[in-house]
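Here you go:
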């Protein structure tokens, strides 16, 4: 696997994760924080973008979903720290490291 291919795939995974998280976060703001119901429109668009981005990945869907899960967890932990402004615990970091290790094994198997 070339470095460029890995960078493109990683970028696509991150964009996919952000689309999914935003698509779920906006309804959360409406339901739990009392924000406008109009947030459901960009949420639906974001979730549709998420589904579309999943189709752009260069492998079988099951393998992509499994590898994507690692990037999703990492992105969610970063979201927790930056957007939710919550301090990260050692369990957050260790758990993320385990997930990324599993993802690395799956990605390595693509070759």
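Residue numbers (my numbering): 227 to 337.
For every residue, glycine included, the Cβ atom is placed at its ideal position computed from N, Cα and C.
Reference residue i, options the options, closest by Cα
| i | options | result |
| --- | --- | --- |
| residue 335 | 297, 303, 311, 293 | 293 |
| residue 256 | 296, 269, 303 | 269 |
| residue 273 | 235, 247, 309 | 247 |
| residue 298 | 231, 258, 244, 327 | 244 |
| residue 275 | 238, 317, 264 | 238 |
| residue 309 | 251, 232, 324 | 251 |
Buried or exposed by the 16-neighbour rule on C-beta atoms within 10 Å, applied to residue i
| i | result |
| --- | --- |
| residue 266 | exposed |
| residue 327 | exposed |
| residue 288 | exposed |
Residue i versus residue j: straight-line alpha-carbon distance, rounded
| i | j | result |
| --- | --- | --- |
| residue 260 | residue 322 | 31 Å |
| residue 277 | residue 333 | 20 Å |
| residue 254 | residue 234 | 30 Å |
| residue 228 | residue 295 | 22 Å |
| residue 318 | residue 263 | 32 Å |
| residue 312 | residue 306 | 6 Å |
| residue 240 | residue 279 | 10 Å |
| residue 232 | residue 331 | 14 Å |
| residue 236 | residue 271 | 22 Å |
| residue 355 | residue 290 | Coverage of the chain is limited to positions 227 through 337, which leaves residue 355 absent and any answer about it impossible. |
| residue 258 | residue 249 | 15 Å |
| residue 314 | residue 320 | 10 Å |
Quiz item: Taking three-plus beta-carbon pairs below 8 Å as touching, is the region 274-283 in contact with the region 298-306?
Solution: Using a Cβ-Cβ distance cut-off of 8 Å, the region 274-283 and the region 298-306 are not in contact, since fewer than three pairs of beta carbons, one from each stretch, lie closer than that value.
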